[in-house]
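> The structure's right below; bear with me while I get my questions together.
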Amino acid sequence: MNGPFRRIRQYYMDLKLQSKFTLVMLLLVLLPAILIAYLLLGNIYNMVVSYTIQQEQDSSAQTAPLIEERIQDVMDTASEISSSSFYAALFRQPVNKPLSVYAASGKAAEFRQTVDALLDSGRATGIRIYVEWANENSELFSHENTEGIFFPGSAASGTYWHGIFDGDSTLTELFCPSIYLGPTEREECGDIAYIQKGSLYYHGKTCSVYLAVYFSSSELIEILSGNLSMDGSVSYIINERDALVASSDSALSGIYWLSYDTIEASFMSSNNFIERDILDETVYAGYYNISQPGWFMVTILPSQPLIARGNRLTLMFLGIYLITALLAFILAVSLSRSITGRLSSVVNQMQTVRQGPPVPMESPVVHDEVGDLIDTYNFMTRRMNHLLRQQSRNAEELRIAEFNSLQAQINPHFLYNTMDMINWMALQGRTSEVSDAIQKLSRFYKLTLSQKSSIVSIASEIEHVSIYADLQNMRFHDAITLITDIPDELTRFQMPKLTLQPVVENAILHGILEKDSKAGTIVLTGWMEMDDIVLLVSDDGIGIPPEKLANILTGTGNSSSGGTNIGVFNTHRRLQILYGTNYGLSYSSTPGKGTDVEIRIPAQREYQNHLAAGRIGSSGNPLPLVTVTNRITEGREGELITPQQMVSYSRQVAANRYKLGNLHQISPKLSPRETLYILSHEVNEKYPAHSHDYYELNYLCSGTIINTIDGNPVYMSAGDLIFLNREAVHSLESVKPEALLVNFCLKPEAFERTLRSFTESRNLISDFIRGEGREKQNFIFFPLGHSLQAQTYLASIIEEYANNGFSQSFALEGLFLLLFNYLAASNEFSYRGIDSQTWQMVKYLEENCPKLNVDKIAAKFNMTKEQFDAHLKEHTGRSAADLINEERLEHAAALLASHNISIYQISESCGFKDVEEFIRDFQKKFHVSPSEYRNQFW
1265 MNGPFRRIRQ
1275 YYMDLKLQSK
1285 FTLVMLLLVL
1295 LPAILIAYLL
1305 LGNIYNMVVS
1315 YTIQQEQDSS
1325 AQTAPLIEER
1335 IQDVMDTASE
1345 ISSSSFYAAL
1355 FRQPVNKPLS
1365 VYAASGKAAE
1375 FRQTVDALLD
1385 SGRATGIRIY
1395 VEWANENSEL
1405 FSHENTEGIF
1415 FPGSAASGTY
1425 WHGIFDGDST
1435 LTELFCPSIY
1445 LGPTEREECG
1455 DIAYIQKGSL
1465 YYHGKTCSVY
1475 LAVYFSSSEL
1485 IEILSGNLSM
1495 DGSVSYIINE
1505 RDALVASSDS
1515 ALSGIYWLSY
1525 DTIEASFMSS
1535 NNFIERDILD
1545 ETVYAGYYNI
1555 SQPGWFMVTI
1565 LPSQPLIARG
1575 NRLTLMFLGI
1585 YLITALLAFI
1595 LAVSLSRSIT
1605 GRLSSVVNQM
1615 QTVRQGPPVP
1625 MESPVVHDEV
1635 GDLIDTYNFM
1645 TRRMNHLLRQ
1655 QSRNAEELRI
1665 AEFNSLQAQI
1675 NPHFLYNTMD
1685 MINWMALQGR
1695 TSEVSDAIQK
1705 LSRFYKLTLS
1715 QKSSIVSIAS
1725 EIEHVSIYAD
1735 LQNMRFHDAI
1745 TLITDIPDEL
1755 TRFQMPKLTL
1765 QPVVENAILH
1775 GILEKDSKAG
1785 TIVLTGWMEM
1795 DDIVLLVSDD
1805 GIGIPPEKLA
1815 NILTGTGNSS
1825 SGGTNIGVFN
1835 THRRLQILYG
1845 TNYGLSYSST
1855 PGKGTDVEIR
1865 IPAQREYQNH
1875 LAAGRIGSSG
1885 NPLPLVTVTN
1895 RITEGREGEL
1905 ITPQQMVSYS
1915 RQVAANRYKL
1925 GNLHQISPKL
1935 SPRETLYILS
1945 HEVNEKYPAH
1955 SHDYYELNYL
1965 CSGTIINTID
1975 GNPVYMSAGD
1985 LIFLNREAVH
1995 SLESVKPEAL
2005 LVNFCLKPEA
2015 FERTLRSFTE
2025 SRNLISDFIR
2035 GEGREKQNFI
2045 FFPLGHSLQA
2055 QTYLASIIEE
2065 YANNGFSQSF
2075 ALEGLFLLLF
2085 NYLAASNEFS
2095 YRGIDSQTWQ
2105 MVKYLEENCP
2115 KLNVDKIAAK
2125 FNMTKEQFDA
2135 HLKEHTGRSA
2145 ADLINEERLE
2155 HAAALLASHN
2165 ISIYQISESC
2175 GFKDVEEFIR
2185 DFQKKFHVSP
2195 SEYRNQFW
C-alpha cells in the first residue's frame, strides 16, 4: 500500500500550485453535484410521467369547457331560430292558411335575414328545417324567403339520425356526429349537427319537423389538438352510441379506442389519468364529461413518448451537469489564479522571452518575495530591451546605407550613358538636338530630385522611362519603339524610383542594339495578381543565353554584351531589401527572339516596411468566403451590410461566396449612398418567390437553373443574362449543381448620372427601363454564352467593382453603359425565355446537330423547319442555324484540343460545308485560327 500511495502523493506534490488549488476546489464543488445526480437520475421517469399527466390534466380541464361552450353556442343558435316569430307562427300553433302565404310574408323575409346573419357570423355552417309534408312542391320549399332553409322530409329520409328519431318517439333533440349525417348534408352543410324535433299542425293534420343546425368538426379537432403537448398522444370525443364525434388523430383514436361503457365506468371510479393496457401497450387515459350532449372527451398518453421524454430530460440533466462541471472548473481555476496569479504572471512573462523580446511588468504594489522577484525581472528586461533596440537601430542604419549605396550605383550608371550620348551629338554639331536632350535630361532629374522620398508613383516611373527612351532614340536615330500599356488604376500605386530605367536600358543596349538591324520594340505592360502588381518589360532583342541568364541576378556574371549587369542586379537587390525575398525581378529569354523581365512589387499606395508590418492582411489572409442562404440574417437587426462584408473577389469568379441572409431583404440593408451593387450566390436550394425595389440583372456563371418569373419558368445556362424590372416577381431553383448566379443590382438613381443620356434615348434597354417596351413583360432574356464581347464586359464590371473596394465608381458606370449599348444593339433576345419545351429542343439540338440537319431535328418535335426556327427565335433570341453552328464550333474546339486529326477531318465530322467555312467561322468566334488554337495543346 505504501508504494502506490507514495507515488500518488509524489505526483500531487509535483503539481504546480495552481493545479493543486484547482483540483481541491473542483472536488469541493463537484462532489455534492455528483451525489445529487445519483439521487435524481433514478426518479426522472416518474417525475416526467407525473409532470406530463398533471400538464395534460390542466390542459384538458381548460379544453372541456371550450367544447361545452361551442356546443352551447350551437344550441343557442337553434334556440334563436326556434324563438323567431316566423318559426313560432308555423310550428307553435295550428296553421290554417296556405303555406305560400306564410312563405311570402314579411316575417319570412325577417326570418331569412336572421338565418343568413347566423351563417355569416360563423356560429353555424348550415341551417336546415326538414318538414315531412306530403306536397314536396309546396311554395314553402321554393319561395325566395324560405328556399335553401326548408326542405321536404324526403331529403333527410334514409339518414341515420332520421332513423333514430323514428325509432324513439320520445326523443326531441339529438347531437349528430359525421356518421349520422347523409353525404349531401356533410358536403353542403357540415359534418356535425344539432337537431331538434317539432311538429306542424296544418288543417288538422300533424307532421314532424326537424330543425338542424350544422357546424364543422374541424373546430372541435382544433380544440382537441391544442389539448395535446406530447407527440404520439391523442384526444377524441365519443357519444353515448359509441360513435366518434371528433379526434385530433383519427388513426390513433382507432388504435386507442375505448367504448362508452368502459369510459363511463372508469369515469365513475376516478377523474384522474388511469394506467391501462391497450393492444399490449401501457397508456395513461384521462376522461372528461361533456355534460350537455352526454359525450366523453378521452385523452390517451402512450408510455413510449413519455419514456423518450424522460430520456431527453436525462440527457438534458447530464448536459446541465456537464455545464455545471465546466463552470465549476472555470471557477476553480479563477479562484486558484487569484491565489497564485502574481507568481504565475512572473513565470509566464519570463517564458515570453522564448518567442520575442522580454516585456516588463507593472511595478509591484506588495513588496514581498514575489514583489522583489518582479522588480529584479523588470530591471533585467530594461537592460535586455536597451541592447535589442541598439542592435535593431544598427541593423536599420545598415539597411539604409545599403539601399543608398545601391541607388548611388544606379544613378551614375544612367548619367554616364546619357552624358556620353549628349557628348557624341555635340561632337556631331547637332546643337538643337543637344539642347533638346539636355532639356529632357533636366526634366528627368527634376522629376527624380524633386521627390524627397525614394518611393514614387508608377506614373512617375513611366514618365522617367519614357524620357530615357526619348534620349536613347536621339542617340540611336529613333531605332527603339517603347509601347506602354499599363491600366490607369495601376499608375496610382507606389514603387521605388529608378526601377524601370535599368531594365529598359539593359533591353536597349544588350538586346535590341545587338541585333543586326539595330532596331526593335520594348513593350511595358502590367496587371494585378491578388495583392501584388506585376510589371512586364518585353523586348524583341537577341535574347540571353541560358548560361548567362542564370547569373544575371546574382551580381557575379556579365551582361550579354560583356559589360557588368550591375544596374539590374542592384534593382533586384533593392526591391528585395525593401519588400522581401518574394519580390524583385525574374528573367525569361529565348535566344534570337527576345527577353521578358517580370518586376513584382506589392500593391501599395504608400510604402510599408514589410519587416515592420509583417504583411498582415495580405493575400495570405483574404476576406472570409461566405454564402447566401434563405435563413435569418446574422447580426443585429437593422445593421448595415457594407460591400466589404458582402464580397470576397478573385479572378476566378466561380470561387466566390457571399452571405446576405434572406435574399429578398437585401436592399434595405445596403448602404443608401450606393446605387450599384454586384452580389453573387450559389443556387443549391429553392429560393422562394420575391421581388426587389431595384432593377436586377441575373447573370449565370456556371450550372443550370430555373428562374421562374411571374409564374413563367425560364431555363438559364452558363453565360445567360436576364434583365428584370422592379415589378418582376421571381424564384430560383437549381437544375444542375454548382450553379453560381451573379446579381447586378441597379437602383433607379443609378440611371441619373453616366447612364442618363442612354436611358433618355429610344432603344431596347432604355424603353424597358422606362416601362415603354413593345411587349409588357417584366424581363428580357439574353443568351450571351457564345459572345466573347459580352462576357468581357461582364467580367470587366465585376473586376472594376472589386478593384474599387467593392463600391461604385464612374468607371463602373461607364462599363455598364458599354454593356447596355451592346445589349441594345443585339438582335439576340427574347421576351419569353427558354421554357421546358424549348429546353428539350435545345438539348436535343446540341446532342444531335453534328449528325442531323435542321429538318430532322424539327421533325422530332412534330414541326416544320420554319416552325422550329421561329419557336427557337422567339424563346432563345437565336435562330436554329446559329445554335447549330455554335454547337459545331464547340465540338470542333474539343476535337482540336484532344485529338491529333486533320482540320479537314474535323470540319467534315462537325458538319461544315467545307474547310474554308470552318476556318472562317472558327476564327470569328475564337479570334484565332484552328491551327493556332491547336498549338496550345499539342
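Using this note's numbering, the letters of the sequence shown correspond one by one to residues 1265 to 2202. All C-beta atoms, glycine included, are put in the ideal place defined by N, C-alpha and C. Everything numeric in this text was worked out from a predicted model, so none of it was measured.
Please state whether DSSP places residue 1387 in a helix, a strand or coil.
coil
> Touch check for the region 2162-2171 and the region 2119-2133: three-plus C-beta pairs under 8 Å?
no
> So the candidates are 2018, 2139, 1330 and 2034; which of them puts its Cα closest to the Cα of residue 2082?
2018
> Any idea if residue 1781 is buried or exposed, counting beta-carbon neighbours within 10 angstroms, 16 or more meaning buried?
exposed
> Smallest Cα separation from residue 2175: which of 1731, 2124 and 2117?
2117
> Looking only at its chain, what residues have a beta carbon closer than 8 Å to the beta carbon of residue 1328, apart from the 5 residues adjacent to it on each side?
1552, 1553, 1554 and 1561
> Measure the beta-carbon distance from residue 2022 to residue 1989 and round it to whole angstroms, keeping in mind my assumption that it falls under 8 Å.
About 16 Å; that fails the 8 Å criterion.
> For residue 1945, name the three-state secondary structure that DSSP assigns.
strand
> For residue 1541, list the residues DSSP reports as bridge partners.
1546
> Please name the residue or residues paired with residue 1510 in a DSSP beta bridge.
For residue 1510, which the question treats as bridged, DSSP gives the partners 1501.
> Closest by CA to residue 1495, which one among 1501, 2140, 1470 and 1572?
1572
> Looking only at C-alpha atoms, which of 1625, 1335, 1813 and 1352 sits nearest to residue 1441?
1335
> How many Å lie between residue 2185 and residue 2141 at the Cα?
20 Å
> Examine the Cβ distances between the region 1357-1368 and the region 1470-1487 and report whether three or more of them are shorter than 8 Å.
no
> Leaving out five residues on either side along the sequence, give the residues of the same chain with a beta carbon under 6 Å from the beta carbon of residue 1746.
Here the set comprises 1733 and 1786.
> Who are the near neighbours of residue 2077 in its chain, counting only those whose CB is closer than 8 Å to its CB and skipping five residues on each side?
The residues are 1940, 2014, 2017, 2018 and 2019.
> Counting C-beta neighbours from all protein chains within 10 Å, is the total for residue 1325 16 or more, i.e. buried, or is it exposed?
exposed
> Could you tell me which residues DSSP pairs with residue 1476 in its beta bridges?
Residue pairing by DSSP puts residue 1476 in a beta bridge opposite 1392 and 1459.
> Just tell me which of 1777, 1802 and 2170 has its CA closest to the CA of residue 1789.
1802
> I'd like to check one pair, residue 1969 with residue 1947: are the Cβ atoms closer than 8 Å?
yes
> Identify, in the order they occur along the chain, each residue of the same chain with its Cβ nearer than 8 Å to the Cβ of residue 2249, setting aside the five sequence neighbours on each side.
It is not possible to answer for residue 2249, since the shown part of the chain is limited to 1265 through 2202.
> Give me the residue from 2096, 1423, 1779 and 1860 with the minimum Cα distance to residue 1813.
For the residues 2096, 1423, 1779 and 1860, the minimum Cα distance to residue 1813 belongs to 1860.
> Helix, strand or coil: how does DSSP classify residue 2127 here?
coil
> Relative to the C-alpha of residue 2007, which residue among 1944, 1295 and 1971 is closest?
Ranking the options by Cα distance to residue 2007, first place goes to 1944.
> Tell me whether residue 1735 is buried or exposed, calling it buried when 16 or more other Cβ atoms sit within 10 Å of its Cβ.
buried
> If I'm right that residue 1375 touches residue 1350 with Cβ under 8 Å, what's the distance once you round it to whole angstroms?
4 Å
> Report the three-state DSSP secondary structure of residue 1704 (helix, strand or coil).
helix
> Would you say residue 1729 and residue 1765 are within 8 Å of each other, going by their C-beta atoms?
yes
> Taking Cβ to Cβ, would you say residue 1986 is nearer than 8 Å to residue 1978?
yes
> Would you check if the region 1506-1519 and the region 1437-1451 touch, i.e. whether three or more CB-CB distances between them fall below 8 Å?
yes
> Can you find at least 3 beta carbon pairs, one from the region 1397-1408 and one from the region 1379-1389, that sit closer than 8 Å?
no
> To which residues does DSSP link residue 1440 through a beta bridge?
1457
> Check for me: the beta strand (DSSP E) holding residue 1980 runs from which residue to which?
1976-1981
> Taking only runs of the alpha helix (DSSP H) that begin and end inside the region 1390-1432, which ones reach a length of at least 4 residues, in chain order?
1424-1431
> What are the boundary residues of the alpha helix (DSSP H) that includes residue 2101?
For residue 2101, the enclosing alpha helix (DSSP H) starts and ends at 2100-2112.
> Does the Cβ-Cβ distance between residue 1975 and residue 2055 come in under 8 Å?
no
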